[in-house]
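By the count of full-length UniProt numbering, the sequence shown reaches residue 193 at its end, each step adding exactly one.
Heads up, the beta-carbon is just placed ideally off N, CA and C, and yes, glycines get one too.
On a predicted model such as this, the values are computed, not experimentally measured, just so you know.
Worksheet: one structure, shown below.
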Amino acid sequence: MFRTRHLPAVILGTATAYLGAQLWHTVRDRNRWPFCAYNMFNYRVPETWEQLRIVLYDDRGRTTGPQDPWGLLPVEFFRVVSILESVLIGNQDEKLKEAFCERTLHRLNTARWPDFDEVRASATLPDGRPFAALEVYLVEVDAVRCDPRDRASVLGAALLHRHDPGRVTGPDGPRWRPAAGSRAVSGGVRGDI
């Protein structure tokens, strides 16, 4: 009789204590099993931060981009950035960089893939022409001054790597649109940001 009468109060008390502990972990951004902060999408973004952008060229020098690099590789979009950073920023071997870009362009031209779950569809040119060159830029963006829908709206841009075996890229590079209050944007070398 005692168990039946107090069971709802025990369950309510236990649930309240559990939810209270969970709320504390969420607010304090702490993870301690069995509690989780659920902070996967909750993080503080600095005033400005860096992102990668790509520009792809066909054999006539026409461009697509600047755009996010997610359509370069058939892996989850969040892994593409890590792979590019590992190969192009964290590595000094120019032969590896060239081989990586050559294989990436070959894959884009010969074995396209569809959009599925967290894998973005392969990058394509509007007229279906094959890609001949690739540029990877490190850009500085701001959530307030840069337009999040316009991938060319940046505070600064620095060319990380250009793979252009057919010499189809022009001297100007992509048409960046400097955000209000930003310094002049150039497509030059890594030190521009």
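Helix, strand or coil: how does DSSP classify residue i here?
i, result
"Tyr57", "strand"
"Leu52", "strand"
"Leu19", "helix"
"Pro178", "strand"
"Gly191", "Confidence at Gly191 is low in this model, with a pLDDT of 39, below 50, so the placement of that residue should be treated as unreliable; the coordinate-derived value is given next. Helix, per DSSP."
"Thr169", "coil"
"Val45", "coil"
"Leu125", "coil"
"Gly71", "helix"
"Pro8", "helix"
To which residues does DSSP link residue i through a beta bridge?
i, result
"Val27", "Per DSSP, none; premise fails for Val27."
"Thr14", "According to DSSP, which records beta bridges pairwise, Thr14 is partnered with nothing at all."
"Arg32", "Phe35"
"Ser153", "Arg177"
"Val119", "Glu76, Phe116"
At what residues does the beta strand (DSSP E) containing residue i begin and finish?
i, result
"Arg79", "Note, Arg79: premise wrong, no beta strand (DSSP E); alpha helix (DSSP H) at 77-84."
"Leu159", "156-163"
"Glu135", "131-142"
"Thr63", "63-67"
If I follow the unbroken alpha helix (DSSP H) through residue i, where does it start and stop?
i, result
"Arg107", "94-110"
### Task
Decide yes or no for the touch test of the segment 106-123 against the segment 67-81: beta carbon pairs closer than 8 Å, at least 3 of them.
yes
#### Entry: contact_flag[the segment 126-144, the segment 20-30] where n(CB pairs < 8 Å) is 3 or more
no
### Message
Measuring CB atoms only, is the segment 46-54 touching the segment 139-150, in the sense that at least three cross pairs come out at less than 8 Å?
### Response
yes
### Message
Check whether the segment 164-179 and the segment 114-133 touch, using three or more Cβ-Cβ pairs below 8 Å as the test.
### Response
yes
### Message
Below 8 Å, how does it come out for the segment 144-153 and the segment 88-103: are there three or more Cβ pairs, yes or no?
### Response
no
### Query
Is it true that the segment 85-98 meets the segment 30-41, where meeting means three or more beta-carbon pairs spaced less than 8 Å apart?
no
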